[in-house]
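2 protein chains.
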Amino acid sequence: MNHLVIMAGGLGSRFWPMSTPDNPKQFIDVLGVGRSLMQLTYDRFKGICDPENVWIVTSADYVAKVHEQLPEVPVGNILSEPCRRNTAPCIAYVSYRIKAKDPKGNIVVTPSDHVVVNIQEFQRVINGAMQFAGETDAIVTLGMKPTRPETGYGYIQADLAAQSMRNKEIYQVESFREKPDLATAEEYVKHNYYYWNAGIFIWNVSTIVNAFRMYQPALNRIFESMMDVYGTDQEQAAINEHYGECENISVDYAILEKAEEIFVFPADFGWSDLGTWGSLQTLSKKDANNNSLISDNIKTFETTNCIINVEGNKQVVVQGLDGYIVAQRDGRLLICKLSEEQRIKEFSAE
Amino acid sequence: MNHLVIMAGGLGSRFWPMSTPDNPKQFIDVLGVGRSLMQLTYDRFKGICDPENVWIVTSADYVAKVHEQLPEVPVGNILSEPCRRNTAPCIAYVSYRIKAKDPKGNIVVTPSDHVVVNIQEFQRVINGAMQFAGETDAIVTLGMKPTRPETGYGYIQADLAAQSMRNKEIYQVESFREKPDLATAEEYVKHNYYYWNAGIFIWNVSTIVNAFRMYQPALNRIFESMMDVYGTDQEQAAINEHYGECENISVDYAILEKAEEIFVFPADFGWSDLGTWGSLQTLSKKDANNNSLISDNIKTFETTNCIINVEGNKQVVVQGLDGYIVAQRDGRLLICKLSEEQRIKEFSAE
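Protein sequence lines correspond, in order, to chains A and B.
With the first letter of the first sequence counted as 1, position 52 gets the number 142 in our numbering; the numbers rise by one all the way through.
With the first letter of the second sequence counted as 1, position 17 gets the number 107 in our numbering; the numbers rise by one all the way through.
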C-alpha cells in the first residue's frame, strides 16, 4: 500500500507575523484559497494514498491543529514529537511506525508547506516514482528543473548517463550539493543535470529501514527497540522517553548523502518551497501594479510591487509604498522592504 | 454655580482607523497616557466645576461610552442627540437644560477632543473668564496665540484698544475670520491681534439664552417650548421628537458672528485641536529618529519621522519608512504618507 508522510513540525519563522510559533506557515491559508498549505499538501495526494495511510509527524503542540485541519486522517496517524530533532529522527520514527503496520508498504515523504501548481503532472510523477520504489530498493528524490540561480536550495546532480531501464525518466544521482553561492548556482543552471532538491522522497519500507540500519545505527537502535509498542497505548510514552536521545540531523546528511542506490526523478510541476515572501509574491495573483493582495478588503493608492497579507477581511489602506511587505496577524504587524526580508528573524526577535 | 459642557458627538474621521464612527477620537487614549481625550478634558476642569454640573452632549450612540468613561457624571447629565445638527442646536439644548436647573449659572463650553499642555495656566484663564462672564452679559471666547500660519483654524481678531476694565487680559472682538488661505494666514500671524479660535466659550445662562432668543428665534422656540420637560422622564422623548427640526448650523455662525458683546481672552496654554496626525506627532513623545510611537512594543529599523499608532501591546515591526502614518485599530490598518493625510477620508471610504 502507498503511505504518505507529511512533515508538519516547522516553525515558519521567515513569515512572521503571518506565521508564528503558535500558528506556523503550514497551518495557514497563505495563498488565500481557503485551504492551509498542509491541507493543500494532503489534497494533492488524493487518489495516491488513502486517508488511513496518511501520516503526519509534527510537534506535540500542533497535534490538535493537525487533527482539526485534517479530520479525515485517523488521530493515531498523527505522530507527536516531544522535541525538535530535524528530519532524520522524524522520518525514522514514522518509517518504523509504518513498518509495524505494513512492512511491504511504499512511502512518499513530503514537507507540509510547499506549493505545487500542476497537480496532474505532480500525481503522474509521484505515481511513477512510487511504482519504481515499490519494485526496487531505490531511494528516489524529486529534482526540480531550476528556473533561476537560487542560492537558498540544495541541488541534486544527476548522472544522465545512468538512466533507469524501468522508468526512463529516472536517473542515478551523481551527488548532492549543499546550498551554493551565487557564482556556483549560476554555473549549475547552465547545465541540464542540476536540479533543486524539493525535499520529497519516495522509497519502500524495507529500503528506508535498511538505510537507517546501515547508515544510522544509533537511530535504528532507538526506533527498532520500540517495534512492539507502535500502535499501542505505550507508543507515546516510549517516544516521549527516547525521542530526545536522537541526534539532531537532517535526512539529507543522515541517509541521502551516504546511500548507494539513490535516484532522481527530474520533474517540472510548478513547485515552490514558499521559503521567502518573494516566492509567495511570485505565486500569488497580482493586481495591475504588481501587488499581491491577500484579502478582499485592501485598497492601495500609489502602491506598487508590494505583498500585503492581512488576516480576516478588515479594511486596509496602503498609500505610497513600493516594494514592501505588509503583514498583519493577530494584531502583530510587520512593514518592511521586500529586499530586507532576510532580516525578518532579527526584526521579530522579542 | 459653574457648569461645564463637553461636546462629544464628533466622528473623528480624519484619524481613521485609530478613530472610527464606532469609537471616535474623543473616546480614545490618543496620547497613550491612560486617559481618553474626553477624560483628559474632564480632568482639566477639576476644581472649576463639580461633577453634578458637568454636562456631556453627544450622539445617542455614544451615551453608554460616555457613561463608562465618566462614571462620576450623573447619567441624567449626558444629553443624547437623536441626530447630528452641528454645534448651535447642541449648545442651545444644553443651555436651556442648565437654565431649568440653575438659571443663574455660568457655563464653559469645550470640545471633547482637544489637548491642553499647561493645565495650571488653563485653569487660571478659565477661572478668569468664568468670573468675567458671571459678572457681565459677555460672551467670552478663548484666543490662542498662533505659532504658525495655520489654515485649518478660524481666527479671532481682537480690538486691542477695547480692553476690558474688569479683566485687563480680556478684549472686545473686532471680527471673526473663517479658515484663511495661506497668504492670509501668513499676514495674520505677523500681527499680535489675531488669535486661533479654540472653540471654547464662556458665558452665563441668561446671556446665552438671550442670544439664542435674539439671533436664533427658531432654535429658541424649539428649546424654550420644552422648558417644563427638562430633567423629567419626558425629556428624551421630546428631544427625539423635535431635535430634527433644528437648523444644522454652527454656534459660530448662529451666535458669535452676530452678537454684540463678544470678548476674547488671549491665552497661551499649549493648545491643540489634534485635528491632524501631524499635530498629534507634534504633541507626542518622540524617539531619537523623530518617530512618535504610541505603544511600548514597536520596533523600528531605518525608520524616521513616522507616527506609529497601534492598539494594544502587540508586536509591531517597521523597517525602512520615512514620514509615514501607520495606524492600526480593531484589525483595520492604514499606512500612508504624512504629507497625504488630507486624503484619509477618501482612503477610508468603504
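We put the beta carbon where it would ideally sit given N, CA and C, even for glycine.
- Within the same chain, TYR186 come within 7 Å of GLU314 of chain A by CB-CB distance, once the 5 residues on both sides are set aside.
- CA-CA distance, PHE222 of chain A to ALA228 of chain A, rounds to 8 Å.
- Inclusion of LYS376 of chain B and VAL295 of chain B in the CB contact set at 8 Å is not warranted, their separation being larger than that value.
- Listed as beta-bridge partners of MET97 of chain B by DSSP are B:VAL147 and B:PRO201.
- Taking a Cβ-Cβ threshold of 7 Å, the residues of chain A close to GLN409 of chain B are ILE425, CYS426, LYS427, GLU430 and PHE437, in chain order.
- For HIS157 of chain B, the CB contacts under 8 Å within the same chain, skipping 5 residues up- and downstream, are VAL163, VAL165 and ILE168 in chain order.
- Cβ neighbours of VAL153 of chain B within its own chain (closer than 6 Å, five residues either side excluded): ILE168 and SER170.
- Judged by DSSP secondary structure, CYS426 of chain A falls within the beta strand (DSSP E) whose first and last residues are 422 to 427.
- Distance from the CA atom of GLU431 of chain A to the CA atom of TRP367 of chain A, rounded to whole angstroms, is 7 Å.
- Annotation note: the segment 184 to 242 of chain B contains the following uninterrupted alpha helix (DSSP H) runs of length 4 or greater, listed N- to C-terminal: 209 to 225.
- For the pair of segments examined, the segment 267 to 281 of chain A was found not to touch the segment 301 to 321 of chain A: the number of CB pairs separated by less than 8 Å stays below three.
- In the three-state reduction of the DSSP assignment, ASP412 of chain A falls in the strand class, which pools E and B.
- Residues of the segment 375 to 396 of chain B with a C-beta atom less than 8 Å from some C-beta of chain A are LYS389 and PHE391, listed in chain order.
- Taking C-beta atoms as the reference points, PHE117 of chain A and GLN159 of chain A count as a pair closer than 8 Å.
- With a cut-off of 8 Å on Cβ pairs, the segment 122 to 129 of chain B is not in contact with the segment 172 to 180 of chain B, counting fewer than three such pairs.
- Beyond the five residues adjoining it in sequence on each side, ALA357 of chain A comes within less than 6 Å, by CB distance, of VAL215 and LEU232 in the same chain, given in chain order.
- In the DSSP assignment, LYS155 of chain A falls outside any beta strand (DSSP E) and within the unbroken alpha helix (DSSP H) covering 153 to 159.
- Nearest to ALA273 of chain B by alpha-carbon distance, out of B:TRP361, B:ASN300, B:CYS139 and B:PRO239, is B:PRO239.
- By the neighbour-count criterion, in which 16 or more other beta carbons inside 10 Å mark a residue as buried, HIS281 of chain B falls on the exposed side.
- At a cut-off of 8 Å, the C-beta of GLN418 of chain A has a neighbouring C-beta in chain B.
- A Cβ-Cβ distance of about 12 Å is found for the pair GLY410 of chain A and CYS396 of chain B, leaving them out of contact under the 8 Å criterion.
- In this structure, the alpha-carbon of LYS235 of chain A lies about 25 Å from that of ASN196 of chain A.
- Scanning its chain for C-beta atoms nearer than 6 Å, with the 5 sequence neighbours on each side dropped, one finds around SER362 of chain B the residues VAL205, SER369 and LEU373, in chain order.
- Taking 7 Å as the Cβ-Cβ cut-off, the segment 109 to 122 of chain B has no residue approaching chain A.
- Three or more Cβ pairs closer than 8 Å define a contact, and the segment 296 to 305 of chain A falls short of that threshold against the segment 239 to 257 of chain A.
- Secondary structure in the segment 319 to 352 of chain A: the alpha helix (DSSP H) runs of 4 residues or longer, each lying completely within the stretch, are 325 to 332 in chain order.
- DSSP, read as helix, strand or coil, puts LYS376 of chain A in coil.
- Where LEU121 of chain B is concerned, there is no enclosing alpha helix (DSSP H), because DSSP gives it neither an H nor an E.
- Using a Cβ-Cβ cut-off of 8 Å, ARG422 of chain A is close to LYS404, GLN405 and VAL406 of chain B, given in chain order.
- Per DSSP, ILE246 of chain B is one residue of the beta strand (DSSP E) stretching across 245 to 253.
- Within 10 angstroms of the beta-carbon of LYS435 of chain A lie fewer than 16 other beta-carbons, which makes it exposed.
- Put simply, the CB of GLU350 of chain A is far from chain B, with every gap to its CB atoms at 8 Å or more.
- A direct Cα-to-Cα measurement between LEU364 of chain B and VAL400 of chain A gives close to 29 Å.
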